[in-house]
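Residue numbers for the sequence shown follow my numbering, beginning at 1322 and rising by one.
These notes are about the structure you will find just below.
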Amino acid sequence: MNLFDHSSIDVLKCCEDLGIAFLPYSPLNGMGNAGGIGSNETLNRIAGRHDASPQQIAIAWLLQLSSVILPIPGASKAANIVNCAGAANLKLSAEDVAELNGITAHITA
């Protein structure tokens, strides 16, 4: 589950109903694609508004999607872990979330 793949949304809803944690697989769209997140125009625009990285915005979106989501992004460098942890301090606006939700709609259309 990530901005580019909502195929686990039914599992997330089940976890919410049961009150159990949901750990999204590939919250940054996979290790090989995590850097590519930075090339997405929508993510870059919203990241600029928040003085954040696109990766932080992607994680913040997950955190705001549901209180049961616990994203665990993979990282090979300590700086990447610190960067992702910064997402917990971000508060996305309703406009931000609507724009981010449109990423998948555009890909699957």
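Glycine is no exception: its CB is placed at the ideal position from the N, C-alpha and C atoms.
Within the DSSP secondary-structure output, ASP1417 pairs in no beta bridge. Here DSSP, grouped into helix, strand and coil, assigns ASN1350 to coil. Apart from the 5 residues on each side of it in sequence, PRO1375 sits with its Cβ closer than 7 Å to the Cβ of ILE1358, GLY1359, ASN1361, LEU1364, ASN1365, ALA1368 in its chain, given in chain order.
Within the same chain, no Cβ atom closer than 7 Å to the Cβ of VAL1403 is found once the five residues on either side in sequence are excluded. When DSSP states are grouped into helix, strand and coil, ASN1404 belongs to the helix group. Residue burial annotation: CYS1335 is exposed, with fewer than 16 other C-beta atoms found within 10 angstroms of its C-beta. No Cβ-Cβ contact shorter than 8 Å links VAL1332 with TRP1382.
Distances from the alpha-carbon of PRO1392 to those of ALA1399, ILE1380, SER1414, LEU1386 put ILE1380 closest. With a threshold of 16 other beta carbon atoms within 10 Å, ALA1408 meets it and is buried.
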